[in-house]
Amino acid sequence: MRVVLRICLISFMTMMFFSVSSGRVYAEKDEQLDLPKTTINPGSFYYPLKRLWEKGRDVLNFTTGSKKSYALTLLTIRLSELNYVVDNKLLSEVQTSSERFSYSAGIVADLVKKADDDEKKKLIEDFEKYGKFLENLRDKYAANSSFWMLIQHDINTLKILSEKLK
């Protein structure tokens, strides 16, 4: 029994280690976002385990710098997951992915609010890039549909958070 548990644990850890690879997603013709290409995405069987792993890693960050860095990483992962959900037309996952992105953006903004002005300006620029990218995602749905509004909510959230950082 212990051997089986160890094998499962080792295979899970290996899977999590190799689950993220980098990819490029274009927000506009001239701009590119370096979003991680994840292999475990919303709607998959292993996604709850991935979220548990992320929460465990978040708890293990003790310094403000490491928390900020990990929160920024999670924000790009959430944007990548939202992109995956929209591109693959996983309509049942759009709402939760959209909410996770907004939540992650709020966490990052709270952590950066206490930082110096250069970090705030950089985050505001990132939020503007993400907003343009989200506009492209939003436009894949009919105007004023529920999915369009969910992504519009993310765009509005980024604008509100940017104003609070100024």
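Counting in my numbering, the sequence shown runs from 26 upward without gaps.
Don't be surprised by glycine CBs; every beta carbon is placed ideally from N, CA and C.
- Judged by DSSP in its simplified three-state form, residue 63 adopts strand.
- Runs of the beta strand (DSSP E) spanning 3 or more residues and lying entirely within the stretch 129-172 do not occur at all.
- With 16 or more neighbouring CB atoms inside 10 Å of its own CB, residue 148 falls in the buried class.
- 165 is the residue among 91, 69 and 165 whose C-alpha sits nearest the C-alpha of residue 112.
- Nearest C-alpha to residue 162 among 153, 169, 177 and 151: 177.
- Its Cα nearest to that of residue 136, the residue 94 stands out among 72, 110 and 94.
- Looking at the backbone, the Cα of residue 167 and that of residue 100 are separated by about 26 Å.
- For residue 90, the enclosing alpha helix (DSSP H) begins and ends at 89-112.
- The residue from 78, 183, 79 and 63 with its alpha-carbon nearest to that of residue 108 is 63.
- Across the structure, residue 117 and residue 186 are spaced so that their CA atoms are roughly 27 Å apart.
- DSSP, read as helix, strand or coil, puts residue 174 in helix.
- Remark: C-beta atoms of residue 70 and residue 103 do not approach each other more closely than 7 Å.
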